[in-house]
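Step one of this worksheet: look at the structure below.
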Amino acid sequence: MPRHRDTKPLDVTALRRLKWRRRRLWLIPAVVVLVILGGGYVAAAYYFADRVPKGATVAGVHLGGLTEAEAIAALGTELAAKAAEPVPTRIGSTEVSFDPVIAGIGFSPENTVGALTGLDFNPVRLWDHIAGIGAQPLALVVDRSALEAHLADLAAQAAIRPVNATLSVASGAVVTAEPTDGAALDEAAASA
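Per this note's numbering, residue 174 is the first one in the sequence shown, and the count goes up by one each step.
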């Protein structure tokens with residue numbers, strides 16, 4: 174039995190609809206992939222929000238991968254004793270002891286760790302969590318009036334007045350005295 178062929182030409186609008194359907198088919202997988210990637214990105218941002226980026230160290234304390242609470246506790250434990258130790262300092266030829274407690278200098282574990290954690294959708298921040306970061310700054314707390322008072326005290330302890338050279342004649346002989354250098358603390362520069 175012979176097959177019957179339809180000799181009627183294709184409808185142009187039907188042909189256009191068919192082409193549009195074929196074009197639309199690639200949109201569905203593309204949208205699905207974008208939704209999955211976007212959802213994964215948001216999920217990763219939420220996951221890393223409470224964690225310190227991999228490889229992070231602050232003042233020699235390794236914090237990478239710790240939660241915010243663990244990192245705050247680790248900083249407080251590791252640095253509390255070190256932050257209270259006086260620092261031997263030389264001003265000119267005089268040895269003095271700079272005491273950070275008297276100077277009103279401390280640190281804030283909460284602010285330090287807070288700068289490293291938190292919900293952030295910045296891709297650079299997310300990359301830092303995955304690839305890792307290195308040494309990060311310690312958030313200091315400074316009482317300026319106590320610092321300036323302590324520096325003034327150290328300046329007074331270390332001040333050495335300069336002595337000019339002298340030349341005199343005594344009993345027909347020339348007597349000379351060598352000059353000595355003075356020393357003073359630049360309090361403004363030290364404070365900065």
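Just so you know, even glycine gets a beta-carbon here, dropped at the ideal spot from N, CA and C.
This structure is a prediction, so every number in the text was calculated from the model and none was measured.
Out of 360, 216, 353, 235, the CA that lies nearest to the CA of residue 305 is found in 235. Judged by DSSP secondary structure, residue 263 falls within the beta strand (DSSP E) whose first and last residues are 260-264. Closest in alpha carbon position to residue 363, among 237, 323, 341, 339, is 323.
For the 9 Å CB-CB criterion, residue 365 and residue 299 do not form a contact. Between the alpha carbons of residue 342 and residue 351 lies a distance of about 15 Å. If you look at residue 346, you'll find it in the beta strand (DSSP E) that goes 346-350. Taking the Cα of residue 254 as reference, the smallest distance to any Cα among 301, 272, 237 is reached at 272.
With 16 or more other Cβ atoms inside 10 Å of its own Cβ, residue 309 counts as buried. Excluding sequence positions up to five before and after residue 276, its CB lies within less than 7 Å of the CB of 319, 320, 323, all in the same chain and listed in chain order.
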